[in-house]
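Asker:
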Amino acid sequence: MAAVAAAKVQEVREITRIERIGAHSHIRGLGLDDSLEPRNVSQGMVGQLMARRAAGVVLEMIKDGKIAGRAILLAGQPGTGKTAIAMGMAQALGLDTPFTSMAGSEIYSLEMGKTEALTQAIRKSIGVRIKEETEIIEGEVVEIQVDRPATGVGAKVGKLTLKTTEMETIYDLGNKMIDSLMKEKVQAGDVITIDKATGKINRLGRSFTRARDYDATGSQTRFVQCPEGELQKRKEVVHTVTLHEVDVINSRTHGFLALFSGDTGEIKSEVRDQINAKVAEWREEGKAEIVPGVLFIDEVHMLDIECFSFLNRALENEMAPVVIMATNRGITRIRGTTYKSPHGIPIDLLDRMIIVPTSPYQEKDLKEILKIRCEEEDCEMADDALTVLTRIALETSLRYAIQLITTASLVSRKRKSTEVNIDDVKRVYSLFLDENRSSQFLKEYQDEFMFNELEEQAMEVA
Ligand SMILES: Nc1ncnc2c1ncn2[C@@H]1O[C@H](COP(=O)(O)OP(=O)(O)OP(=O)(O)O)[C@@H](O)[C@H]1O
Ligand SMILES: [Mg+2]
Numbered sequence: 001m002a003a004v005a006a007a008k009v010q011e012v013r014e015i016t017r018i019e020r021i022g023a024h025s026h027i028r029g030l031g032l033d034d035s036l037e038p039r040n041v042s043q044g045m046v047g048q049l050m051a052r053r054a055a056g057v058v059l060e061m062i063k064d065g066k067i068a069g070r071a072i073l074l075a076g077q078p079g080t081g082k083t084a085i086a087m088g089m090a091q092a093l094g095l096d097t098p099f100t101s102m103a104g105s106e107i108y109s110l111e112m113g114k115t116e117a118l119t120q121a122i123r124k125s126i127g128v129r130i131k132e133e134t135e136i137i138e139g140e141v142v143e144i145q146v147d148r149p150a151t152g153v154g155a156k157v158g159k160l161t162l163k164t165t166e167m168e169t170i171y172d173l174g175n176k177m178i179d180s181l182m183k184e185k186v187q188a189g190d191v192i193t194i195d196k197a198t199g200k201i202n203r204l205g206r207s208f209t210r211a212r213d214y215d216a217t218g219s220q221t222r223f224v225q226c227p228e229g230e231l232q233k234r235k236e237v238v239h240t241v242t243l244h245e246v247d248v249i250n251s252r253t254h255g256f257l258a259l260f261s262g263d264t265g266e267i268k269s270e271v272r273d274q275i276n277a278k279v280a281e282w283r284e285e286g287k288a289e290i291v292p293g294v295l296f297i298d299e300v301h302m303l304d305i306e307c308f309s310f311l312n313r314a315l316e317n318e319m320a321p322v323v324i325m326a327t328n329r330g331i332t333r334i335r336g337t338t339y340k341s342p343h344g345i346p347i348d349l350l351d352r353m354i355i356v357p358t359s360p361y362q363e364k365d366l367k368e369i370l371k372i373r374c375e376e377e378d379c380e381m382a383d384d385a386l387t388v389l390t391r392i393a394l395e396t397s398l399r400y401a402i403q404l405i406t407t408a409s410l411v412s413r414k415r416k417s418t419e420v421n422i423d424d425v426k427r428v429y430s431l432f433l434d435e436n437r438s439s440q441f442l443k444e445y446q447d448e449f450m451f452n453e454l455e456e457q458a459m460e461v462a
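In terms of UniProt numbering, the sequence shown opens at residue 1 and continues consecutively.
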């Protein structure tokens, strides 16, 4: 018996939760206080105060639904937290506001045209909040009585007694209702709702008055108050779906299953026109509301002139999301043209944007970010090792230093230590090159590589 139990425990232990650690998994929000002031270290966010404050203001306007159709550009050097800030905004917005994130290069897909890809991304970022009023019966179960026919065949009949704090009513039960009550394992003392139109039963929890009777109920049991007032209520149910989901469901060639496979292909513009018309109708009747969400386009310099001009137009549409873009480019060529412009974005589009700059980090902030990353990766690091790593971040790049955390932690584990020390950091620093040393290496050994173009370039310049 004991052995069986032990085996069971082992089984349970083996199913440990695997948490994927992504580059931005430590970011849990923007780290702002109630008056939108950024705390220096909060929710995984460190420093970059001006940009975070600006992002907070933008966020507040998005929540108020005030800035649909605006564009914000996060511009700054590589590794200054542009993508991190966008992820923080997504977290802070919550689940009810759609947030779509894409990289500029994603539009160059073989499956659909560039403008179709952008249109889909835009429509994924606009939510439709549909309100539905349903009649429900809500009460605490006093008694369920089921009469089975003596012969064992034929329909079951029964009675259900429900009460609120003010009234008690007995309902007749049909076969179907009895089955669903059994399926939901409803017992006396449960607080339930029954949808009058569909007969769907929902168990809200157990009534507080019954809390004492059931010592044996598991810790998952939720206790709720016995409902007040009438048993029959009108309840407003709100669903939020994105326009893209509505498009897919209504496009006959794909069907809703395409939502799961993600294989939606191009959607006909007639479908979209019809849906726009229908949604407009619902809005007039007060049945639906538009929730402008956020479309985040990272590495926006990868878009070309056609996309930019499309975005220009799309932003002026009545149902446009807030578009947040990020780029690390300076003055560079606009893709698809020979013109140069700041950030590789056409001036007319830039003119419609508000630009939020991000700036390189000071040593103090770098150390704090590295510390947070160590925690995120479950890596114990000695103080002096962290100081060395911070130095490395300062002299090479934050990203490179973050990469070294995982590798150093592996090296320390190999020597059966639980803490990363200076030597581990030095070891991985010599094992893995940063960009600077790699270029240096290439310059020194250029002759031994194939297709070496350094000399040709030098000649061109001369
Ligand atoms: N202020 C910050 N607080 C916490 N983590 C940060 C902060 N800034 C950057 N990071 C982390 O540092 C790494 C690099 O930052 P990020 O990817 O956001 O840079 P970026 O500005 O988007 O760079 P690029 O222009 O190269 O895309 C990420 O892992 C990110 O989560
Ligand atoms: Mg980025």
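Virtual Cβ for every residue (Gly too), placed ideally from N, Cα, C.
Check the Cβ-Cβ distances between G113 and every residue of chain E, and say whether any is below 9 Å.
Answerer: As a matter of chain content, chain E is missing from the structure shown, which is built from one protein chain.
Asker: Are the CB atoms of R335 and G344 within a distance shorter than 9 Å?
Answerer: It is a contact, given that the beta carbons lie within the stated cut-off.
Asker: Does at least one heavy atom of ligand 1 sit under 8 Å from the Cβ of G81?
Answerer: yes
Asker: Below 8 Å on the Cβ atoms is my guess for R52 versus M45; work out the distance and round it to an integer in Å.
Answerer: With a Cβ gap of about 6 Å, R52 and M45 count as contacting.
Asker: What are the start and end residues of the beta strand (DSSP E) that includes M102?
Answerer: 99-103
Asker: Is it the case that the CB of P78 approaches a heavy atom of ligand 1 more closely than 8 Å?
Answerer: yes
Asker: Have a look at F310 and T115 and give me their C-alpha separation to the nearest angstrom.
Answerer: C-alpha separation (whole angstroms): 7 Å.
Asker: Between A326, E106, K196, which has its C-alpha nearest T119's C-alpha?
Answerer: E106
Asker: What would DSSP say about F308, mapped onto helix, strand or coil?
Answerer: helix
Asker: Cutting at 6 Å between CB atoms, please list the residues of its own chain near T161, excluding the five before and the five after it.
Answerer: V142, E143, I170
Asker: Pull up the distance between the alpha-carbon of T332 and that of T390, whole angstroms please.
Answerer: The alpha-carbon separation between T332 and T390 amounts to approximately 31 Å.
Asker: Alpha carbon to alpha carbon, how far is A314 from P321? Give it in angstroms, no decimals.
Answerer: 9 Å
Asker: Are D298 and G104 closer than 9 Å when you measure CB to CB?
Answerer: yes
Asker: How many whole angstroms separate the CB atoms of residue 465 and M89, which I take to be in contact at a CB cut-off of 8 Å?
Answerer: Because the chain here runs from 1 to 462, residue 465 falls outside it and cannot be looked at.
Asker: Buried or exposed: F449, going by 16 or more other Cβ atoms within 10 Å of its Cβ?
Answerer: Label assigned to F449: exposed.
Asker: Is M45 near ligand 1 - that is, is its Cβ less than 8 Å away from at least one heavy atom of it?
Answerer: Yes, Cβ of M45 sits closer than 8 Å to a heavy atom of ligand 1.
Asker: Buried or exposed, going by whether 16 or more other CB atoms sit within 10 Å of the CB of D179?
Answerer: exposed
Asker: Closest by CA to V58, which one among T198, R206, I355?
Answerer: Measuring from the Cα of V58, the nearest candidate turns out to be I355.
Asker: Of the residues E140, E444, G158, which one's Cα is nearest the Cα of R148?
Answerer: G158
Asker: Using the Cβ count rule (16 or more neighbours within 10 Å means buried), how would you classify N202?
Answerer: exposed
Asker: Compute the minimum distance between the beta carbon of T221 and the heavy atoms of ligand 1, and state whether it is under 8 Å.
Answerer: Not under cutoff, so the answer is no.
Asker: Between which two residues does the alpha helix (DSSP H) carrying D424 extend?
Answerer: 422-431
Asker: Could you round the C-beta distance between E111 and G286 to whole angstroms and report it? I think they count as a contact, below 8 Å.
Answerer: No, E111 and G286 are not in contact; Cβ-Cβ is about 38 Å, not under 8 Å.
Asker: So, at 6 Å on beta carbons, what are the nonlocal neighbours of P98 in its own chain, with the 5 sequence-adjacent residues on each side left out?
Answerer: Excluding sequence neighbours, P98 sits near S125, G127, T242, G293.
Asker: Taking the alpha carbon of A86 as the reference point, which residue from V238, L73, Q77, K156 has its own alpha carbon closest?
Answerer: Nearest C-alpha to A86: L73.
Asker: To the nearest angstrom, report how far apart E168 and S207 are at their CA atoms.
Answerer: 15 Å
Asker: Please state whether DSSP places E184 in a helix, a strand or coil.
Answerer: DSSP places E184 in coil when its eight states are reduced to three.
Asker: Could you give the DSSP three-state label for L95: helix, strand or coil?
Answerer: coil
Asker: In three-state terms, what does DSSP make of D273?
Answerer: helix
Asker: Please classify S438: does DSSP put it in a helix, a strand, or coil?
Answerer: helix
Asker: Can you tell which of Y361, R373, L30, G81 has the C-alpha that lies nearest to the C-alpha of L404?
Answerer: R373
Asker: Could you pull the start and end residues of the alpha helix (DSSP H) that I372 belongs to?
Answerer: 363-376
Asker: Could you work out which residue in S341, N312, P357 is closest to residue 463 when comparing CA atoms only?
Answerer: Here the chain covers residues 1 to 462 and nothing more, so residue 463 does not appear.
Asker: Measure the C-alpha to C-alpha separation of F308 and E281 and round it to an integer number of angstroms.
Answerer: 31 Å
Asker: Tell me which same chain residues have a C-beta within less than 8 Å of the C-beta of R283, skipping the five on either side of it?
Answerer: E289, I290
Asker: Can you pull the DSSP bridge partners for L32?
Answerer: P38
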